[in-house]
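First up is the structure itself, then whatever we jot down about it.
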Amino acid sequence: MKPRVRFAPSPTGYLHIGGARTALFNWLYARRHGGTFILRIEDTDQERSTPESVQAILTGLQWLGIDWDEGPGKEAPYPPYFQMKKLPRYAEIAEQLISEGKAYRDYTTEEETAKLRADFAASKGLKDGDDLRKAGFKYSSPWRDKPEKLDRPHVVRFKMKPTGARIGFEDLVHGRTEKPDEDLDDFVLLRSDGIPLYNFSCVVDDHDMHITHVGRGQEHINSTYSQIALYQALGWTPPVFTHFPLIMAVNKETGNEEKMSKRKHPEADVMVHQKNGILPHALLNFVARIGWSHGNDELFTREQLVEYFDLKDVGRTNGVWNPEKLIAVNQHWIKNGKPEELAAMTVPFLASLGVTVTNDARLQLGVKAFSTRAKTLVEMAANLKPYYVHGATMDPSAVTKFLDAAGKDMVRRARAKLEAIAEWKAPALDPIIDQIAAETGAKKGAIAQPIRVACTGGAFSPGIGDTLELLGREETFFRIDAALA
RNA sequence: GGCCCCAUCGUCUAGUGGUCAGGACGUUGGCCUUUCAAGCCGAUAACGCGGGUUCGAAUCCCGCUGGGGUCACCA
111 MKPRVRFAPS PTGYLHIGGA RTALFNWLYA RRHGGTFILR IEDTDQERST
161 PESVQAILTG LQWLGIDWDE GPGKEAPYPP YFQMKKLPRY AEIAEQLISE
211 GKAYRDYTTE EETAKLRADF AASKGLKDGD DLRKAGFKYS SPWRDKPEKL
261 DRPHVVRFKM KPTGARIGFE DLVHGRTEKP DEDLDDFVLL RSDGIPLYNF
311 SCVVDDHDMH ITHVGRGQEH INSTYSQIAL YQALGWTPPV FTHFPLIMAV
361 NKETGNEEKM SKRKHPEADV MVHQKNGILP HALLNFVARI GWSHGNDELF
411 TREQLVEYFD LKDVGRTNGV WNPEKLIAVN QHWIKNGKPE ELAAMTVPFL
461 ASLGVTVTND ARLQLGVKAF STRAKTLVEM AANLKPYYVH GATMDPSAVT
511 KFLDAAGKDM VRRARAKLEA IAEWKAPALD PIIDQIAAET GAKKGAIAQP
561 IRVACTGGAF SPGIGDTLEL LGREETFFRI DAALA
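For reference, each letter of the first sequence is one residue, going 111 to 595 in my numbering.
Written out as structure tokens, the structure is:
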């Protein structure tokens, strides 16, 4: 049977790095096995869900190249893919559970619940900031065994019936995972406004959508037990679960490692990496390696990722976000990328620097020349900009060091030779250094550096041939003459 | 605090009873060189602790310690 997997984000903000990796692992698994990747929007949190967030998530996935077979824009064959659009379905299942005595209506108001907590706190002599959970507070509804149907607001709770046995599941990476079913409580299925809660809608949807494998972060292990209880009550076969290790980040305030969060870690936002000039594939490659491995391999093309990925190779230990390594991976893919693709991605970065360019041969020469000199597209654009403006900005210390009398003499010699160059291409331009070296006996550095400074204003640039070709004949002479003047 | 998950270099990881414990990032020494990069060669650094099982444990079991997660009318 072909696997059917899903990514089910809640649209309460931008696409998170952890979410992106969850999506990636599921997507890879589907692609690897010829299965189906489903995108489902869990928008039942009315407080925090926004249409903008839905769009942000779609945009993020698209930027990463993670496409879905079913979901927003492709609402078949098990619609809808937005949970708020299938409220009647959840109500139907809830009703069924109530009629079977597996769930009950709880008319306790939020005020009453608050009072219960307050009374408990008082009886334990707790202070204001104390955590009731640590003191052992456990909610027990007075309505659990009262089947009356009142015309009053109520939540629907699942009726846990502990047997003293252990409840659990076979996790693909953790193996048998279980706990005593007495530890489970009567969790809420439907809020008083009829909107379902995660543990409920998730189970209903995974069942309705024929999901075969659920892969999600380890923070969901504890909710999985409750979901298993639901599957049992409903008589449904649960999917195969896989819980991925978490992506951690260092909390700069405390110095501790903790689950990467939107609030404390700006890099948790997938799109800030786009802004920072990270290639989408580099981010994918890097993120895939947190919690997953394929022997000693580090660098993967998209095709290799699909070819090699398997859930059984997912690890168990949490991984810490390592920005230096992301940069290294990014640098690798810039270095090994196709010039036309890199150029296309660089255009907007140049635009934001006020440089309007098209993806032409010249730009491609430029990104190629700087591909070993830029770690990000931001650096790439910054490196390229000076070649697209008229005249060079001179670095005083470089001028002092290389454009002295001897240096200028070298530049004059170069200028003379340049005059004779018919085809303004790097292979034709580069040899002038050797020629001048042969004529003067000077070291190449003493020749190339003055030329470099005259043409770029600074002491760093690609090889002289590439540099001059990039500049163009006219601009080269303009800058040389300006430097010699 | 209850429960759950986890434990190899600073970080990401390979390892599945017998390896000099390997790779990558980082740091670092050198080579190359037309600057800066890149590239190449080398160095650096780990099996948390204590018990078992075994001829033999990073690998299996138990305990401890440590880290993380989770305990909502959030997901």
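A virtual CB, placed ideally from N, CA and C, is assigned to each residue, including glycine.
Alpha-carbon spacing of residue i relative to residue j, whole angstroms
{"i": "Asp423", "j": "Val416", "result": "13 Å"}
{"i": "Thr169", "j": "Ala564", "result": "45 Å"}
{"i": "Asp576", "j": "Leu394", "result": "32 Å"}
{"i": "Arg141", "j": "Trp178", "result": "10 Å"}
{"i": "Val477", "j": "Gly175", "result": "23 Å"}
{"i": "Gly239", "j": "Asn309", "result": "29 Å"}
{"i": "Thr550", "j": "Ala536", "result": "22 Å"}
{"i": "His404", "j": "Phe396", "result": "13 Å"}
{"i": "Gly501", "j": "Ile167", "result": "43 Å"}
{"i": "Trp534", "j": "Arg583", "result": "7 Å"}
{"i": "Ala224", "j": "Ala231", "result": "11 Å"}
{"i": "Phe147", "j": "Phe117", "result": "8 Å"}
{"i": "Met490", "j": "Leu436", "result": "16 Å"}
{"i": "Ser311", "j": "Arg301", "result": "12 Å"}
{"i": "Arg412", "j": "Lys518", "result": "50 Å"}
{"i": "Gly211", "j": "Thr122", "result": "34 Å"}
{"i": "Phe351", "j": "Glu157", "result": "29 Å"}
{"i": "His442", "j": "Asp470", "result": "23 Å"}
{"i": "Ala201", "j": "Leu149", "result": "23 Å"}
Where residue i sits in the DSSP three-state scheme
{"i": "Ala516", "result": "helix"}
{"i": "Asp296", "result": "coil"}
{"i": "Glu434", "result": "helix"}
{"i": "Val283", "result": "coil"}
{"i": "Lys289", "result": "strand"}
{"i": "Leu149", "result": "strand"}
{"i": "Asp216", "result": "strand"}
{"i": "Pro306", "result": "strand"}
{"i": "Lys527", "result": "helix"}
{"i": "His383", "result": "helix"}
{"i": "Met370", "result": "coil"}
{"i": "Val499", "result": "coil"}
{"i": "Val439", "result": "helix"}
{"i": "Ile357", "result": "strand"}
{"i": "Val164", "result": "helix"}
{"i": "Gly278", "result": "strand"}
{"i": "Thr468", "result": "coil"}
{"i": "Arg114", "result": "strand"}
{"i": "Lys301", "result": "For the sequence presented, residue 301 should be read as Arg rather than Lys. Three-state DSSP puts Arg301 in coil, outside helix and strand."}
Integer-rounded CB distance, given that residue j should sit under 8 Å from residue i
{"i": "Gly325", "j": "Thr132", "result": "7 Å"}
{"i": "Leu358", "j": "Gly285", "result": "Reading off the sequence, residue 358 comes out as Met, not Leu. Between Gly285 and Met358 the Cβ distance is about 23 Å, and since that is not below 8 Å, they are no contact."}
{"i": "Ile400", "j": "Asn440", "result": "With 8 Å as the limit, Ile400 and Asn440 do not qualify as a contact, their Cβ atoms being about 15 Å apart."}
{"i": "Phe410", "j": "Ala398", "result": "7 Å"}
{"i": "Phe512", "j": "Pro560", "result": "5 Å"}
{"i": "Asp295", "j": "Lys269", "result": "Asp295 to Lys269, Cβ: 11 Å. No contact."}
{"i": "Thr273", "j": "Asn386", "result": "Thr273 to Asn386, Cβ: 53 Å. No contact."}
{"i": "Ile305", "j": "Lys289", "result": "Wrong, their Cβ atoms sit about 28 Å apart, outside the cutoff."}
{"i": "Tyr498", "j": "Val465", "result": "5 Å"}
{"i": "Asp505", "j": "Gly568", "result": "4 Å"}
Exposure label - residue i; buried when at least 16 CB within 10 Å
{"i": "Leu594", "result": "exposed"}
{"i": "Phe570", "result": "exposed"}
{"i": "Asp153", "result": "buried"}
{"i": "Ser209", "result": "exposed"}
{"i": "Leu260", "result": "exposed"}
{"i": "Glu180", "result": "buried"}
{"i": "Arg562", "result": "buried"}
{"i": "Ala213", "result": "buried"}
{"i": "Arg262", "result": "exposed"}
{"i": "Pro348", "result": "buried"}
{"i": "Gln545", "result": "exposed"}
{"i": "Thr219", "result": "exposed"}
{"i": "Glu579", "result": "buried"}
{"i": "Lys196", "result": "buried"}
{"i": "Pro161", "result": "exposed"}
{"i": "Asn366", "result": "exposed"}
{"i": "Asn493", "result": "buried"}
{"i": "Gln384", "result": "buried"}
Beta-carbon proximity list for residue i, same chain, < 7 Å, skipping 5 on both sides
{"i": "Arg227", "result": "Leu242, Phe247"}
{"i": "Val509", "result": "Val563"}
{"i": "Met370", "result": "Ile127, Gly128, Ile357, Met358, Ala359, Ala378, Trp431"}
{"i": "Ala130", "result": "Gly170, Leu174, Val380, Val397"}
Own chain, CB closer than 6 Å to residue i, minus 5 neighbours either side, in chain order
{"i": "Leu473", "result": "Ala453, Val467"}
{"i": "Val313", "result": "Gln337, Leu340"}
Other residues of its chain near residue i: CB distance less than 8 Å, five sequence neighbours each side excluded
{"i": "Met381", "result": "Tyr124, Leu125, Ala166, Thr169, Gly170, Trp173"}
{"i": "Trp402", "result": "Phe135, Phe419, Asp423, Val424, Gly425"}
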